[in-house]
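These protein sequence lines are chains G and L, in that order.
Going left to right, the first sequence walks through residues 1 to 708 as the UniProt record's numbering numbers them.
Going left to right, the second sequence walks through residues 1 to 708 as the UniProt record's numbering numbers them.
Protein chains: 2
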Amino acid sequence: MTSTTCEFPDLARLVRPRNVVVVLGSQRPNSEGARLLENLSAHSRLEGELFVVNPPMRGDGPFRCWPSIAALPDADIDVALIILRAAHVMDALRDCAARGIPFAVVMSSGFAEAGPEGQALQQEIADLCRQTGLRVYGPNCPGLSNFRDRMGMTISPAFKSDRNVGTIGIVTQGGGAGRNVVQGLSYGAGAAMWLSAGNEVDLGAPDFIAHMANDPGVRVIAVLLEGIKDGRRLVAALELARSRGKPVVILKIGRSEYGMRAAQSHTGSITGAADVNSAMFAQFGAIEAHDMDELVALARLADGGRLPASADLAVVTFSGGAAAMAADQIGLQGLRLAQFSPATTEHLRTSLPDYAAISNPVDVTAEALKSIDGLASCLRAVADDPAVGAVVVPIPADYAELTDGIARAIVDAAADAAKPILPVWMSRRLGTGFERLESQGLAPFLSLTTALAALRKVMPRGLLSGPDAAPGGPACAEPAAAQAVACTESAAKAMLREAGIPVPQGRLSRSAAEAAEAAQAIGFPVVLKIASAQIPHKTEVGGVRLGVGSAGDAAEAYEALVRQVGARRPDATIDGVLVEKMFHDGGREMLVTVRADPMYGHVVTVGLGGIFVELLKDVAHRVLPIQAADVRDMLAGLKHRAYLGAFRNLPPIDAEAFVQLVLRISEFVSGRPELREAEFNPVWVGPPGEGAWVLDALILTSPDVERR
Amino acid sequence: MTSTTCEFPDLARLVRPRNVVVVLGSQRPNSEGARLLENLSAHSRLEGELFVVNPPMRGDGPFRCWPSIAALPDADIDVALIILRAAHVMDALRDCAARGIPFAVVMSSGFAEAGPEGQALQQEIADLCRQTGLRVYGPNCPGLSNFRDRMGMTISPAFKSDRNVGTIGIVTQGGGAGRNVVQGLSYGAGAAMWLSAGNEVDLGAPDFIAHMANDPGVRVIAVLLEGIKDGRRLVAALELARSRGKPVVILKIGRSEYGMRAAQSHTGSITGAADVNSAMFAQFGAIEAHDMDELVALARLADGGRLPASADLAVVTFSGGAAAMAADQIGLQGLRLAQFSPATTEHLRTSLPDYAAISNPVDVTAEALKSIDGLASCLRAVADDPAVGAVVVPIPADYAELTDGIARAIVDAAADAAKPILPVWMSRRLGTGFERLESQGLAPFLSLTTALAALRKVMPRGLLSGPDAAPGGPACAEPAAAQAVACTESAAKAMLREAGIPVPQGRLSRSAAEAAEAAQAIGFPVVLKIASAQIPHKTEVGGVRLGVGSAGDAAEAYEALVRQVGARRPDATIDGVLVEKMFHDGGREMLVTVRADPMYGHVVTVGLGGIFVELLKDVAHRVLPIQAADVRDMLAGLKHRAYLGAFRNLPPIDAEAFVQLVLRISEFVSGRPELREAEFNPVWVGPPGEGAWVLDALILTSPDVERR
């Protein structure tokens, strides 16, 4: 999609060198130099020679040393690995460049992360690279671990035990976080290599992503970024990975101000605007993770065999509660519960106790845990169902051998199932079942939330629907139960006026002449609204005229309203047109409803009104009775409360008037058992001193008054 | 706050009975009856007598049996524990009532969860309770575990090992989920009791919450609800707990349609509207959890000693990356990084290597891990700082003995620190350090996200600010960099017109007469806008008049605009007033900006315009170049995309016209290197066929053209 073109260097000789030189100041036991030499000599499969240069020529270790790179015997050296004090690094790099060594890895710290002096040193390296073509990896980094080819060009003492080789490529800047990912891939899906270039003076994350995109041994690229040195190169690298069909999973620190500052001070690079970064990742097909555990989980899911085939999931568990929780999370994530085929249902019916729940989510019951084979065959049957994209297996508690049994069944079924089977170990007690799943590479998720959020993220976007929210509160629900009766707006407003609730001055007119007269009496501008008990939502049928400025216009508007609404709703009896004072547009529109909730009795809802009702559904609820402090809390809890403060050109709203209005409305409704629901929308709230007014009211009464 | 008053039963004799009768059908080994008898006889401290009634009088177990409750010897029995087939339960219950036994626990299943026949049986129990005053717990439940008084009135084989007694009360409906919570409290904070009444035919969650609210041995109440039988009783119980100062942590299943259905079919009770439930929990001070692991974590945090004293957190870690990630999450959760006192800073300076980061977030460096005492003293110093509410210690990877060392330091410091010290074990490899923290009751969180989300939830609400979002994208950023120059709107529109981008017909007028003439020529209604290069945001200074309907009004509006804006902005040079065709309000207002991003080059932003810009910040970004499909994707990615479809009374927007407009604007800006930023807001998008028009344009040019 973009025309960005970048050249990426060929890193083959860096990642898998033949001849290597280590340049160090000391090889005494436990020094970083000694650890590097041990990794290279004892734990790597270096095909060529390992040279050691020790400029001070300290005889403190087992390896034969040369005094300088220039003094080395004739050999085609691919990489120089440098651990010297920062001040001595430039000399070594110049020697590398002079000898034509193509790559140098600088592990030493003391550069851009360490103040102005270090920054100057780092700039010298950058200049040298530009001038000579030498490519530098680092400084301030743990080195480079190529697990697949067993090349440990790293000071990490853990390299020797990093034996679970796989096809996930890891790109990081800092060391600790990369180690986290490597540890997360200890079983099952493993890492192919881990490139972590610290300050990225020259080579950096985009180069590594591009290298991995081109490396057939890497199937998934997991990236952790603190800073971004060059956004366009990153874009180009992501594009390249996409063109090669390699999923990239990326965690970018700096989504908050604190995070940006901390990342900058750690790596000295800028982080970029978080929302632009996220948009860019999405644009170029990278999957964004929001925490380390999610980064690891997403990489594992994307690494072959664990990607769901569709958004239709099956849940198999042995607890009704866990089944319900999993179903809940599936809905919240916009995923779906698969509809089983008759064959699957039949298989489950014949295999499980008759009190088991055999439709999705499946509750096999604790009884079924006694047969591992039976359980495995159920899992396989569900996974083989063509309607199922993946099987989620929540394990709510550790039941020792019983849950070890379900773990066996999962391992068994996962080995030859057509779809991914994803266990979720929900208990804090990590029993033998957990260990079995973990060591067999099934990497159980540790909570339903993380499991289903991760599944959602790896789902092809077209397959997802929006979150399947539970039926909302009063503001969003369809109002009228069968037997409820709506009052007309005029009748409702008359009731309100009588109860001391502010409604605008108005008059119901039954002819164009009456409308003109009413408008004249009220004063301009006025608003005209169709009056019909059958039309509770007037705007939807074009039944409102705002800002009518003269008696003539009012007469005309009357005729037009009656004609047009009559044509659209021939079923409705039109009682006339309500002419009302119009409030200026320096106010804001709110919503207040009170409804008899089947669960809690009267519930009051307050929120943004007018067009915001459908658009934002930004409301707060309280069970009655309430006090003024509750209403203030509700306002403070609104997501878009900024709308109520000083906003654009407007002063803040008359909040106290609104609070009092809500209290009066609450009393009004709760004192009248015949009222089933009252919806006031919009309520106009003016600037301080101008009050809060109910501009439209819908009151539903119930013939069969029922109080609990 | 509410006037709800409920009577709650005194459950003392149920929870801690003296004399108990077990009514069972069999006590053969491994039967539920045998497990219950074993729990009561071998693993409980029953002060009174244990009787066994076995109506069929099968001699299959070690306990002496009576044939019926009526036949029992004279004794004041507190509780009858019933495990019979469903069909026989009613007889036993009638016997209980007849003998005056106050409580019966029915563990058998086969009631409301099992179809119409079971529902009828359950109704019989309900009727009996109402008629006789017998209180029934169950049916379809695992019984009742009182850990504190060691009373295992449960069939759970795990009871014997539930030895970590504490002060958290657990209320559930289903069994598996309750076991999850008990296992989550295996170390450190423990459970006092677990009440789980399955189908809740009579006694239910509100009764248990109320009991625990009144029980001085319970400090925190952890509740998992699938259904809600009686919302008002639940409200009353939560009110009671609040009045007693006991935190209630609650997880309610049924936030999505799937979850509601699954929970209903599991427990046969209704779930209530999710948003109303959540509002009710907040209103009555309960902390809502969204997953099992969070429920456990919140209960532990609330259970004394681990509640943060303020929202100002300290981070202490040994990795710069982990420090940055923790800072990031703190900002995202609306929490704050504490500012250390000079004494704390001095302590850290003298204790840590000089390349450590000693301001918050603290990176002690891997070097510091070598001294457990030093580390513990740093943790203590930070925790003792008056500015710090809690200390978060992220551990990004397992480093065997090194991370066991930090675990020792945490255990050491936490024992006498003034504030909670909360470890976060981020690695999948759960090493000895993890085990140490876990077994010492420090319950490390397993990810930063869960840790900080939980901390946020237990924070007193007044202490929180909104999320500290990173500087947003173009739409929200302050536009003008120092040297950027804004064109006037007329100049900008002339450029656009020339580039073939639709702008409304308009004329710059320099007098009232010219304005009237322009309005006449354009046709009514028109809009008048102040023209001044110094006033890019006209609305904010009252510089716009909409819906001007006649030449006279146009002249008047001209005068008023020049006078009023001149008074508000005496610094600005006013070039005149732009008179433009006004579009009807059947369109929608969008925003399009293109900006030279320092990271990615040109970035285009599309979103909801007009007043929505500040209110919703609902925008999507893409790196240029883009194609039509990208723009469609951006629209599909907007959160409030409903606004663009058929909405209230309006048809959907002319989306294709808007897509083409965005492409033209993108080309227009990216082809002109002198343009630094172009903001078009609002862009009016009409119904299909009426096109998309740039109503206002702000173009910033840069004197020093710079292209990367």
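Note that beta-carbon positions come from the ideal geometry of N, C-alpha and C, so glycine has one too.
State the CB to CB distance for the pair L:G686 and L:F524, rounded to an integer number of angstroms; the pair is presumed to be in contact (CB under 8 Å).
Between L:F524 and L:G686 the Cβ distance is about 18 Å, and since that is not below 8 Å, they are no contact.
Hey, could you find the ends of the beta strand (DSSP E) G:T172 is sitting in?
Element bounds for G:T172: 165-172.
Quick check: the segment 627-637 of chain G against the segment 682-696 of chain G, are there 3 or more CB pairs under 8 Å?
No, the segment 627-637 of chain G does not touch the segment 682-696 of chain G.
If you count every other CB in all the chains shown that lies within 10 Å of the CB of G:P142, and 16 or more means buried, which is it?
With 16 or more Cβ atoms within 10 Å of its Cβ, G:P142 is classed as buried.
What is the DSSP secondary structure of G:S108, reduced to helix, strand or coil?
G:S108: coil per DSSP, three-state reduction.
Got a sec: is the Cβ-Cβ distance from residue 752 of chain L to anything in chain G below 8 Å?
In the structure as shown, chain L starts at 1 and stops at 708, and residue 752 of chain L therefore has no counterpart that could be examined.
At a Cβ cut of 7 Å, what residues of the segment 371-402 of chain G count as close to chain L, listed as they run along the chain?
Taking 7 Å as the Cβ-Cβ cut-off against chain L, the residues of the segment 371-402 of chain G that qualify are P396, A397, D398.
With a cut-off of 8 Å, does the C-beta of G:I253 fall near any C-beta of chain L?
It does; some Cβ of chain L falls within 8 Å.
Which residues bound the beta strand (DSSP E) around G:L601?
Note that residue 601 of chain G is Gly in the sequence shown here, rather than Leu. Looking at the DSSP string, the run of the beta strand (DSSP E) that includes G:G601 is 601-608.
Using a Cβ cut-off of 8 Å, pull out every chain G residue sitting near L:I125, in sequence order please.
Ordered by position in chain G, no residue passes the 8 Å Cβ test against L:I125, which lies about 19 Å from the chain.
Considering only their Cβ atoms, is the gap separating L:E489 from L:L578 smaller than 8 Å?
In contact: L:L578 and L:E489 (Cβ atoms closer than 8 Å).
Report the neighbours of L:H621 on chain G: residues whose CB is nearer than 7 Å to its CB, in chain order.
Result: D275, V276, A279.
Report yes or no: do three or more beta-carbon pairs, one from the segment 554-574 of chain G and one from the segment 189-204 of chain L, lie closer than 8 Å?
Taking 8 Å as the limit for Cβ pairs, the verdict is that the segment 189-204 of chain L does not touch the segment 554-574 of chain G.
Contact defined as beta carbons within less than 8 Å: I believe G:L448 pairs with G:P394. What is the distance between those atoms, to the nearest angstrom?
Right, their Cβ atoms sit about 6 Å apart.
Whose Cβ in chain L lies nearer than 9 Å to the Cβ of G:Y355?
Chain L residues near G:Y355: S109, G110, E113, A114.
Check whether the Cβ atoms of L:L298 and G:L446 sit closer than 8 Å, and answer yes or no.
No, these two residues do not count as a Cβ contact at 8 Å.
For L:P474, which residues in the same chain have their Cβ closer than 6 Å to its Cβ, ignoring the five residues on either side in sequence?
Residue placement at L:P474 is flagged as unreliable, the pLDDT there being 32, under the threshold of 50; a coordinate-derived value is accordingly withheld.
Quickly, what does DSSP pair G:V182 with across the bridge? List them, please.
Paired residue(s): none; G:V182 is not in a bridge.
Report, in whole angstroms, the separation of the C-beta atoms of L:A518 and L:R507, which I expect to be a contact under 8 Å.
Indeed they touch by this definition, with Cβ atoms about 4 Å apart.
Which residue wins for smallest C-alpha separation from G:A443, given the options G:M459, G:T432, G:W425?
Ranking G:M459, G:T432, G:W425 by Cα distance to G:A443 puts G:W425 first.
According to a CB-to-CB cut-off of less than 9 Å, which residues of the segment 336-355 of chain G neighbour chain L?
Under the 9 Å Cβ criterion, the segment 336-355 of chain G contributes R336, L337, Y355.
Cβ of G:S256 less than 8 Å from any chain L Cβ?
Yes, G:S256 counts as interfacial toward chain L.
Using only alpha-carbon positions, find the residue among L:G166, L:C129, L:E257 that is nearest to L:P216.
Nearest C-alpha to L:P216: L:G166.
Just the Cα atoms here: how many angstroms apart are G:D303 and G:V220?
Computed Cα separation, rounded: 6 Å.
To which residues of the same chain is L:S427 closer than 6 Å at the C-beta, ignoring the five residues directly before and after it?
Contacts found: A397, D398.
Return helix, strand or coil for G:V662, following the three-state DSSP convention.
Three-state DSSP puts G:V662 in a helix.
Give a yes or no on whether the minimum CB-CB distance between G:I611 and chain L is below 8 Å.
Interface residue, yes.
Tell me, please, which residues DSSP counts as bridged to L:Y137.
Paired residue(s): L:V105.
For G:E435, tell me which candidate among G:S666, G:D416, G:D404, G:V458 has the shortest Cα-Cα distance.
The shortest Cα separation from G:E435 among G:S666, G:D416, G:D404, G:V458 belongs to G:D404.
Which whole-angstrom value describes the C-beta separation of G:A655 and G:L644, a residue pair presumed to lie in contact below a C-beta threshold of 8 Å?
About 7 Å separates the two Cβ atoms, so the contact holds.
At the 8 Å Cβ level, is G:G472 part of the contact set with chain L, yes or no?
Unreliable positioning characterises G:G472 in this predicted model, as indicated by a pLDDT of 40, which lies under 50. The coordinate reading is nonetheless provided below. Yes, its Cβ sits closer than 8 Å to a Cβ of chain L.
Does DSSP put G:W530 in a helix, in a strand, or in coil?
In the sequence under discussion, the amino acid at residue 530 of chain G is Ile, which differs from the Trp named in the question. Looking at G:I530 - three-state DSSP - the assignment turns out to be strand.
When you compare the CB of L:D597 with every CB in chain G, is at least one pair closer than 8 Å?
Taking Cβ atoms only, chain G reaches closer than 8 Å to L:D597, which makes this a yes.
DSSP on G:D74, reduced to helix/strand/coil?
DSSP places G:D74 in coil when its eight states are reduced to three.
Kindly indicate if chain G contains any beta-carbon less than 8 Å away from that of L:D654.
No, L:D654 does not count as interfacial toward chain G.
Could you tell me the distance, in whole angstroms, from the CA atom of L:A555 to the CA atom of L:A515?
Distance between the alpha carbons of L:A555 and L:A515: 6 Å.
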